[in-house]
Structures are given as C-alpha cells and as structure tokens.
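**Q** Numbering (the working numbering), first residue to last: 10 to 540.
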Ligand SMILES: Cc1cc2nc3c(=O)[nH]c(=O)nc-3n(C[C@H](O)[C@H](O)[C@H](O)COP(=O)(O)OP(=O)(O)OC[C@H]3O[C@@H](n4cnc5c(N)ncnc54)[C@H](O)[C@@H]3O)c2cc1C
C-alpha cells in the first residue's frame, strides 16, 4: 500500500507532534508514524500495575514553551499544570534537612550558613540574567555554518550578528557568568558562590540530572543552566506536575494535531527512509506500507536515524563519522513504584509539602562525584543519587484512594555495564539498591512498595528508542549544542540528504519536554516547501 503526503514524520514523540501541528496549520498534509501503540515518546502516562498509573519516563514539567502551550491551545485540550508546594527537599544523613521553595529557602539555608543565605538573592539575580538570554534562543534556529554560497552565508551572518548584539547587551558580570557556565563545572561554579553542602547539592543536582558526569566535570555548568530555562504558569525556573502525568501533555498535543487534520498512525514503525536521486522521498514502514512525501522529518535521535534508517551510501563520509562519534548515554535508571502509604522521612516524619517536592537523596556535591566515579568503575554506586517525586500527592487520578505512586529517577548508572554484563542481569539488584537507599532515609518505604517498574538504560533504549538510554537524544556538551547540534553545519534542522529534517531533541535546543525542536524544524520545512 502507498500513500502520498506532503510530509511524513517518523516518530510521534512530543516534538514530532508539535512539528506536525505547525505544518498542518500551514496547510500541509501530514502523516505521523509512531512505532509504539501510544503517542508521546518519553512523555507518556501508562498503567504499570493494575490501578496505578504514572508518567513512565519523563515525570516533571518546566521546559515546555509557553508559546507552544498557547499555539496548540493545550489547556483547551485538557492540559493542566500545577506547581509543587515545595520545590526540593534534601534529607540528610544526620537527620537534618533542607527545604527549598518560595518563601522558605532563605531561612532554611540559614540553618547551615548565614553567609550562604545572604548570597541567595544575588545568585538568583545573576543566574536569572544568563538564563533569560539562553531562554530567548530556544525557539530560534541557531546560526548555521554553511558552505552553500554567499547568500546563505549572509543570512547566517545576520543571525550571528543579532546574537552578538544580545550578548553585548548583557552586563560584564553576566557575560562572565555565561562563560563560566559554558566552560566550567557546576561544582566549581557553586563552590564560588556558597560554602555549605546542602544548598550546593540541591542546585548542583540540576548539573548532573540526565548527565553521566561528576558535578566537577566541565560541561555540567551548562546542564545546570539548561534545567533553569523553564517555568510553570509564569514562574521562572519552577518545575511542576501535569495532572494525569506527562501523557496529558502529549495527549493534548495529539488532539491539537487531529484538529488540524494530522493523520497519526500508531504501531507504525518505520524501517527505512527512501532516497531517490539523492533526495528523501518517503518512508517504508515495518508493516510493508510506503508513505511518499515531499519532506521526511525524523523525531528519532540522530544516531538511531542515521545508523538504522538511512542508507550510509547516501551520506557524506565526514557526516557518517561525526554520527559514529556523536556522544550518547545519560546514565539514568528510572523506576515507578506503587505505594501502600506515603513515606515517612526520619528527619520530617509527618506528611506535608515536602512530599510534593523533588526529594533529592544526594547530600553533597562530593557524594555525587563519588557516585559517578563508582559507576565508571563498577556500573553503579552503592551510595546512589536518587530523586523521588510522589505525583499522587498533587494528583488523585494516578492511584487508588489512599495509595500512591512515586517516580524514582536514579542518576549515575553506567549506560553500558563494564565487563560485558547485560543490564538484564543486574536490573533487579540495582532496583533493590535504589529502594533500600530511599528506605535509609524513610524507614518502612521498602515495605510499602506494592509493585515496581524498572527501566534501565537498556530498557529505555528498547522501549523508547533512546540510544544508550540517553534521555536528551545526545549529551548536552559544548560541541553538541546550539550551532553544533547535532553537528556543526546542520543546526538548521536540515540534514545532509535534501528533503530530510530532524525535529527531535537531538537538534537545538536539546532534550527535555520543550517542544522547541519540533517548532523550529517546522519553520524550516514551511520555508522549504514554500508555505
Ligand atoms: C527516564 C527519563 C526521564 C526524563 N525526565 C524528564 C523530566 O522530568 N522533564 C523533562 O522535561 N524531560 C525529561 N526527560 C527528557 C524528555 O522526556 C525527552 O528529552 C523528550 O521527551 C524527548 O522528546 P522527543 O519528542 O524529542 O523524542 P522522543 O520522546 O524520544 O520521541 C521519539 C519517538 O520516536 C518513536 N520511534 C522510534 N523509532 C521509531 C521508528 N523506527 N519508527 C517510528 N517511530 C519510532 C519513539 O517510539 C518515540 O515515540 C526524561 C527522559 C527520560 C527517558
């Protein structure tokens, strides 16, 4: 069977859906082909135990662009995002704790250091100036390095000039901060600001989440910044919860697409990008169907796309080599647990706002540094870094009355285990360790676990197509960011085969549930197809 469309989109992750929406709104006939039986990619809600549902992979929202929420009218399609009542909660081994959030951070930090409490306001102001600049670049196509002639080069130079003007408008302190965040580690940056461990741990966690690196490795500074670029209902830097889980976002996106006439097909894995006379002309599906199209757009991570769906013979050799060395692997293990009751932390046993927070088990940057080095040597650390969220404290649609669900996002497990050992052999051992780690701070937690779903890096690859379990579609490192994402020369969403585009998180501005790559890629395709 063969269908003719203007656009075929491979993958119905949130970026594929956002891209489809804008293209259909521009009057193009769009088909989305999703391999799984649900749209949303890494932003889905699924039942993992009878009566218990949760966001399977990504679990908290902030980076989703307000323009996209408005353009797709996601609220009208059922999306509701609520704030946590406390941003973060850090239980400590000595039974003290740090609670971070609006109206409380200063007094809480003062429990550990008055000097740090006094520096908080300046820290937020300074970081705010830098994040405002970077935030403003998310829905823009970076200047692209081009060899396509003077006219193309001129337009990229104009973009670069505009960027230079914006950088120039920053004051000198902000310029220095930006440079430090791009070049230094999150740990070095935070050590310059603060002296007490707990606040550095809470802020530094943003530098290692989804980043298989010590907080003292260069590059973690940018990852810290990346996690500050969002907002919840207008509150800059806040993280929140989508009622119904992350799937509520992508189900609302699918409805917005359908209202524009997008044809979304499930259980429709793509086997191959069809290339004729050097141009992408459509896709062949695993079920034998062919969809021919004027533009083929991939929502897959670039490594998966170019190593499995595109004939290497049609790619320039240099590009093939770059894709081989494109770095992936965020070193995370994700668990969903069904709970018979809420956890009771030794340091704060009663129920309260802290149970709506991102609960970080990693008391210091040194602890995170050790966990990373342990994982490099052994595959994981016996003292692992775990963030736990209990979304059912904000959302009663996820678990039966009286029961709860929690998301455990465990950092610093090796994407590939040393010594040729498969994650299939270690899944349960490491899952037990993660639960025991929470239990150390909240005794009784392990006994309250009714059921669990464990997703190792290997499972994330198998289920979601995230190569090496990389949640960001490629590491957020200087040579894979902005004009160099996925590689220098292709930051304009156009891939080296004419007619083939990238719209997933492997393109600017990278990973997270942002919708930005999908939005930006759509603009390139609309221009190329003369709309
Ligand atoms: C465990 C985990 C936790 C995370 N936590 C957060 C978080 O809390 N907040 C946040 O903002 N971000 C988080 N992220 C990151 C974020 O979820 C991702 O970066 C983002 O969802 C990627 O979206 P995407 O649309 O670019 O790609 P994807 O969501 O990866 O979508 C790609 C789609 O392509 C499909 N596909 C693959 N191969 C084929 C094929 N051959 N044919 C057809 N379809 C195919 C896949 O099934 C998938 O639906 C997390 C990610 C993970 C994995």
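Don't be surprised by glycine CBs; every beta carbon is placed ideally from N, CA and C.
Shortest alpha-carbon distance to residue 289 belongs to which of 273, 319, 277, 275?
**A** The shortest C-alpha separation from residue 289 is found at 319.
**Q** Taking Cβ to Cβ, would you say residue 196 is nearer than 8 Å to residue 374?
**A** It is a contact, given that the beta carbons lie within the stated cut-off.
**Q** Report yes if the C-beta distance between residue 42 and residue 294 is below 8 Å; otherwise report no.
**A** Cβ atoms of residue 42 and residue 294: closer than 8 Å.
**Q** Which of the three DSSP states is assigned to residue 244 in this structure?
**A** Three-state result, residue 244: strand.
**Q** So is the beta-carbon of residue 23 under 7 Å away from any non-hydrogen atom of ligand 3?
**A** Judged by which ligands are present, ligand 3 is missing from the structure shown, whose ligands are ligand 1.
**Q** Looking at C-beta atoms only, is the number of pairs between the stretch 216 to 233 and the stretch 274 to 284 that lie closer than 8 Å three or more?
**A** No, the stretch 216 to 233 is not in contact with the stretch 274 to 284.
**Q** How about residue 273: is its Cβ closer than 7 Å to a heavy atom in ligand 1?
**A** No, the beta carbon of residue 273 sits no closer than 7 Å to any heavy atom of ligand 1.
**Q** Using a Cβ-Cβ cutoff of less than 7 Å, which residues in the same chain neighbour residue 148 once the five nearest sequence positions on both sides are dropped?
**A** Only 74, 76, 525, 528, 529 meet the Cβ criterion.
**Q** For residue 336 and residue 469, what's the separation of their Cα atoms in angstroms?
**A** Distance between the alpha carbons of residue 336 and residue 469 is about 16 Å.
**Q** Which of the three DSSP states is assigned to residue 356 in this structure?
**A** Coil, per DSSP.
**Q** Just to confirm, does residue 315 get its C-beta within under 7 Å of one of the non-hydrogen atoms of ligand 1?
**A** For ligand 1, not one heavy atom lies less than 7 Å from the Cβ of residue 315.
**Q** Between the C-alpha atoms of residue 243 and residue 249, what's the straight-line distance to the nearest angstrom?
**A** The straight-line gap from Cα to Cα measures roughly 11 Å.
**Q** Need the endpoints of the alpha helix (DSSP H) that residue 326 sits in, please.
**A** Per DSSP, residue 326 belongs to the alpha helix (DSSP H) from 326 to 334.
**Q** Could you tell me which whole alpha helix (DSSP H) segments of length 4 or greater appear in the stretch 436 to 489?
**A** Fully enclosed alpha helix (DSSP H) runs of 4 or longer: 454 to 457, 466 to 473.
**Q** Going by other Cβ atoms of all chains shown within 10 Å of its Cβ, with 16 needed for buried, is residue 261 buried or exposed?
**A** Buried: at least 16 other Cβ atoms inside 10 Å.
**Q** What residue from 179, 159, 163 has the CA that sits closest to residue 137's CA?
**A** That would be 179, whose Cα lies nearest to the Cα of residue 137.
**Q** Using a beta-carbon distance below 8 Å, is residue 73 in contact with chain B?
**A** In the structure shown, chain B does not exist; there is a single protein chain.
**Q** Measure the alpha-carbon distance for residue 67 versus residue 219 and round it to whole angstroms.
**A** Each residue's alpha carbon lies about 11 Å from the other.
**Q** Is it true that the CB of residue 104 sits closer than 8 Å to the CB of residue 512?
**A** No, Cβ-Cβ distance for residue 512 and residue 104 is not below 8 Å.
**Q** Per DSSP, what are the beta-bridge partners of residue 294 in this structure?
**A** Answer by DSSP bridge pairing, in chain order: 279.
**Q** Spatial neighbours of residue 107 within its chain, please: CB distance less than 6 Å, with the 5 preceding and 5 following residues excluded, ordered by chain position.
**A** Cβ neighbours of residue 107 beyond the five flanking positions: 99, 117, 207.
**Q** Heavy atom of ligand 1 less than 7 Å from the Cβ of residue 343, yes or no?
**A** The answer is yes for residue 343.
**Q** In angstroms with no decimal places, state the Cα-to-Cα distance between residue 456 and residue 351.
**A** Cα to Cα, the separation comes out at about 11 Å.
**Q** If we count the other Cβ atoms within 10 Å of its Cβ and call it buried at 16 or more, is residue 11 buried or exposed?
**A** Exposed is the call here.
**Q** What's the call for residue 199, buried or exposed, on a 16-neighbour Cβ count within 10 Å?
**A** Buried.
**Q** So does residue 401 have its beta carbon nearer than 7 Å to some heavy atom of ligand 1?
**A** No; taking the cut-off as 7 Å, the Cβ of residue 401 has no heavy atom of ligand 1 nearer than that.
**Q** How many whole angstroms separate the CB atoms of residue 53 and residue 361, which I take to be in contact at a CB cut-off of 8 Å?
**A** Rounded, the Cβ-Cβ distance is 30 Å, inconsistent with contact.
**Q** Give the single residue among 278, 30, 49 whose Cα lies nearest to the Cα of residue 300.
**A** Cα-wise, what sits closest to residue 300 is 278.
**Q** State the CB to CB distance for the pair residue 92 and residue 241, rounded to an integer number of angstroms; the pair is presumed to be in contact (CB under 8 Å).
**A** Indeed, because the Cβ distance is near 5 Å, the residues count as touching under 8 Å.
**Q** Can you tell me which of the three DSSP states residue 187 falls into?
**A** Residue 187: helix per DSSP, three-state reduction.
**Q** Closer than 7 Å by C-beta to residue 426: which residues in its own chain qualify, once you throw out the five before and the five after it? Chain order, please.
**A** 388, 432, 435, listed in sequence order.
**Q** When DSSP builds the beta bridges, which residues end up paired with residue 226?
**A** Per DSSP, none; premise fails for residue 226.
**Q** Evaluate residue 173 with the Cβ neighbour count: other Cβ atoms within 10 Å of its Cβ, from every protein chain shown; 16 or more gives buried, anything less gives exposed.
**A** Classification for residue 173: exposed.
**Q** Please report the residue range of the alpha helix (DSSP H) in which residue 172 lies.
**A** Start and end: 159 to 178.
**Q** Should residue 43 be listed as close to ligand 1, given that the test is whether its C-beta is under 7 Å from any heavy atom?
**A** Correct: residue 43 has its Cβ closer than 7 Å to ligand 1.
**Q** What do you get for residue 165, buried or exposed, if any count of 16 or more other CB atoms within 10 angstroms of its CB means buried?
**A** Under this definition residue 165 is a buried residue.
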